[in-house]
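**Q** To convert, take the position in the sequence shown, counting from 1, and add 29; that gives the numbering used here. Structure incoming, see below.
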Amino acid sequence: MLIKLPSSSSSCESEVTPESVYLSRRALIGRATGLALMVGLPGAGDARARYAGVGQVASPPWFADKLTSAQWARSSGNEVLTPFEDASSYNNFFEFGPEKGDPARQAVDFEVEPWSVAIDGEVARPGRYSLDTLCQPHRLEERIYRLRCVEAWSMVIPWLGFPLSELLRRVEPTGQAQYVRFEALYDPRRMVGQRSGFSLIDWPYVEGLRLDEAMHPLTILAVGMYGRILPGQNGAPLRLVVPWKYGFKSIKSIVRITLTREQPKTSWQIIAPEDYGFYANVNPAVDHPRWRQARERRLPSGLFRPNLIPTRLFNGYDEVASLYEGLDLRKNY
Ligand SMILES: Nc1nc2c(c(=O)[nH]1)N[C@H]1C(S)=C(S)[C@@H](COP(=O)(O)O)O[C@H]1N2
Ligand SMILES: [Mo]
Numbered sequence: 030m031l032i033k034l035p036s037s038s039s040s041c042e043s044e045v046t047p048e049s050v051y052l053s054r055r056a057l058i059g060r061a062t063g064l065a066l067m068v069g070l071p072g073a074g075d076a077r078a079r080y081a082g083v084g085q086v087a088s089p090p091w092f093a094d095k096l097t098s099a100q101w102a103r104s105s106g107n108e109v110l111t112p113f114e115d116a117s118s119y120n121n122f123f124e125f126g127p128e129k130g131d132p133a134r135q136a137v138d139f140e141v142e143p144w145s146v147a148i149d150g151e152v153a154r155p156g157r158y159s160l161d162t163l164c165q166p167h168r169l170e171e172r173i174y175r176l177r178c179v180e181a182w183s184m185v186i187p188w189l190g191f192p193l194s195e196l197l198r199r200v201e202p203t204g205q206a207q208y209v210r211f212e213a214l215y216d217p218r219r220m221v222g223q224r225s226g227f228s229l230i231d232w233p234y235v236e237g238l239r240l241d242e243a244m245h246p247l248t249i250l251a252v253g254m255y256g257r258i259l260p261g262q263n264g265a266p267l268r269l270v271v272p273w274k275y276g277f278k279s280i281k282s283i284v285r286i287t288l289t290r291e292q293p294k295t296s297w298q299i300i301a302p303e304d305y306g307f308y309a310n311v312n313p314a315v316d317h318p319r320w321r322q323a324r325e326r327r328l329p330s331g332l333f334r335p336n337l338i339p340t341r342l343f344n345g346y347d348e349v350a351s352l353y354e355g356l357d358l359r360k361n362y
């Protein structure tokens, strides 16, 4: 459950929320045993200083437990973090509507408990895992990554998650497994964008990776960001983050992971195969049919003085280059 508590700087929540709602929230908060207050967590001091504007939220006990042993990144190189405010209000999450502000508005009360993930296909140990059993063996790590959307804007986000490779090893891919297919939640009752007849997407949202890409140490499953549990609009409760690929590969709200022999058909490929390829590696030299990819707007960015920076091949993550040796990146865009 995601409940935003008033931060010390904001006005008392009871002033702005109808009393009935406020009281029922208070009751819920009282029942949640693991309040993830970042204060006092080992190693979290630096993190907290960096996370201006991140309010305190209640989190389920399994997440609060994991936070106490999380490995916090102490530096982000010389890159400035995107403020939480921007990263959690400017989103693409079509299940909650087509506009950038829709997910933050529509996913506030997105209920993600209980949540389970089915793992099937070419694995020796298929099964359905509750979110906490899925995460239980894995230590949370903070990973500060650039996120480059195919629409030519980017952010720098401190995720909390664990390598996807660790999970895949647990379920033991068979010798036939070549690809990983990811499926997001389909539930029109909870996701208003899925109720619209005008959506481009044939639900559920599907993404995929080659198995070696999925096993790469940079590829993570995230359950949190900015030292807290993932907000609904950012893909609660479980999302993929593949930092060298365009943002649409980083599928949110995952309910199914399938190891396959064949390359899966992914949502954006189905919608517009000329515009969005399976690989979707960030590449300044390969333009989108309707716009250039050589530069990006690093958010926050003013409308009149956009904060433009050059886009880098593989979003600057050169260590993945060996995955694509001998592959024509123009053809395999
Ligand atoms: N299930 C799902 N996952 C999704 C999307 C979506 O619409 N649905 N949008 C993608 C796109 S286009 C981007 S740029 C990133 C945005 O992630 P963020 O909102 O956390 O920055 O999520 C990706 N994951
Ligand atoms: Mo995107």
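Glycine included, C-beta positions come from ideal geometry on N, C-alpha and C.
1. Alpha carbon to alpha carbon, what distance is there between residue 333 and residue 271?
2. Kindly indicate which residue of 212, 341 and 197 has the alpha-carbon position closest to the one of residue 294.
3. Beta-carbon within less than 6 Å of residue 108's beta-carbon, same chain only, minus the 5 sequence neighbours each way: which residues are those?
4. Can you determine whether any heavy atom of ligand 2 sits closer than 7 Å to the C-beta of residue 178, and answer yes or no?
5. What is the rounded straight-line gap between the Cα of residue 126 and the Cα of residue 356?
6. To the nearest angstrom, how far is it from the Cα of residue 134 to the Cα of residue 354?
7. Consult DSSP for residue 230 and reduce its assignment to one of helix, strand or coil.
8. How would you label residue 227, buried or exposed, when you count the other beta carbons within 10 angstroms and need 16 or more for buried?
9. Which runs of the beta strand (DSSP E) at least 3 residues long sit entirely within the segment 158-242? Give them in chain order.
10. So for residue 360, helix, strand or coil by DSSP?
11. Flag this pair as touching only if the segment 179-199 and the segment 218-236 have three or more C-beta atom pairs under 8 Å; answer yes or no.
12. Does the segment 236-246 come close enough to the segment 109-120 to have 3 or more Cβ pairs within less than 8 Å?
13. Hey, could you find the ends of the alpha helix (DSSP H) residue 299 is sitting in?
14. Would you check if the segment 145-154 and the segment 313-332 touch, i.e. whether three or more CB-CB distances between them fall below 8 Å?
15. For the beta strand (DSSP E) that residue 142 lies in, which residues bound it at each end?
16. Closer than 7 Å: is that where the CB of residue 279 sits relative to any heavy atom of ligand 1?
17. Taking 7 Å as the cut-off, is the CB of residue 121 close to at least one heavy atom of ligand 2?
18. Measuring straight from C-alpha to C-alpha, what distance separates residue 256 and residue 248?
19. Got a sec: does ligand 1 put a non-hydrogen atom nearer than 7 Å to the Cβ of residue 104?
20. Please report the distance separating the alpha-carbon of residue 251 from that of residue 204.
**A** Concretely, from the data shown:
1. Taking the sequence shown and counting its residues from 1, the one referred to as residue 271 is at position 242. Taking the sequence shown and counting its residues from 1, the one referred to as residue 333 is at position 304. Cα to Cα, residue 271 sits roughly 31 Å from residue 333.
2. Your numbering for residue 294 matches position 265 in the sequence shown. With distances taken between Cα atoms, residue 294 lies closest to 212.
3. Your numbering for residue 108 matches position 79 in the sequence shown. Once the five neighbours on either side are set aside, the close Cβ partners of residue 108 are 185.
4. Here residue 178 refers to the residue found at position 149 when the sequence shown is read from its first residue. Result yes, Cβ under 7 Å from ligand 2.
5. On the sequence shown, residue 126 is found 97 positions in, with the first residue counted as 1. On the sequence shown, residue 356 is found 327 positions in, with the first residue counted as 1. The straight-line gap from Cα to Cα measures roughly 36 Å.
6. The count along the sequence shown starts at 1 and reaches residue 134 at position 105. The count along the sequence shown starts at 1 and reaches residue 354 at position 325. Cα to Cα, the separation comes out at about 43 Å.
7. The residue given as residue 230 occupies position 201 in the sequence shown. Residue state, collapsed to three classes: coil.
8. Within the sequence shown, the letter at position 198 stands for residue 227. Exposed: under 16 other Cβ atoms inside 10 Å.
9. 170-177, 182-192, 208-213 and 235-239
10. One-based indexing of the sequence shown puts residue 360 at position 331. Looking at residue 360 - three-state DSSP - the assignment turns out to be coil, as it is neither helix nor strand.
11. no
12. no
13. For the purposes of this step, residue 299 is taken as residue 270 along the sequence shown, with counting starting at 1. That run of the alpha helix (DSSP H) goes 296-300.
14. no
15. What you label residue 142 is simply residue 113 of the sequence shown in a count that begins at 1. From DSSP, residue 142 is part of no beta strand (DSSP E); its letter is neither H nor E.
16. In the sequence shown, residue 279 corresponds to position 250, counting from 1. For ligand 1, at least one heavy atom lies less than 7 Å from the Cβ of residue 279.
17. By 1-based counting over the sequence shown, the position of residue 121 is 92. Answer for residue 121: yes, Cβ within range of ligand 2.
18. Start at 1 with the first residue of the sequence shown, and residue 256 comes out as number 227. Start at 1 with the first residue of the sequence shown, and residue 248 comes out as number 219. If I take the Cα positions, the gap works out to 19 Å.
19. Stepping through the sequence shown from its first residue, residue 104 is reached at position 75. False, no ligand heavy atom lies under 7 Å from that Cβ.
20. Within the sequence shown, the letter at position 222 stands for residue 251. Within the sequence shown, the letter at position 175 stands for residue 204. Distance between the alpha carbons of residue 251 and residue 204: 27 Å.
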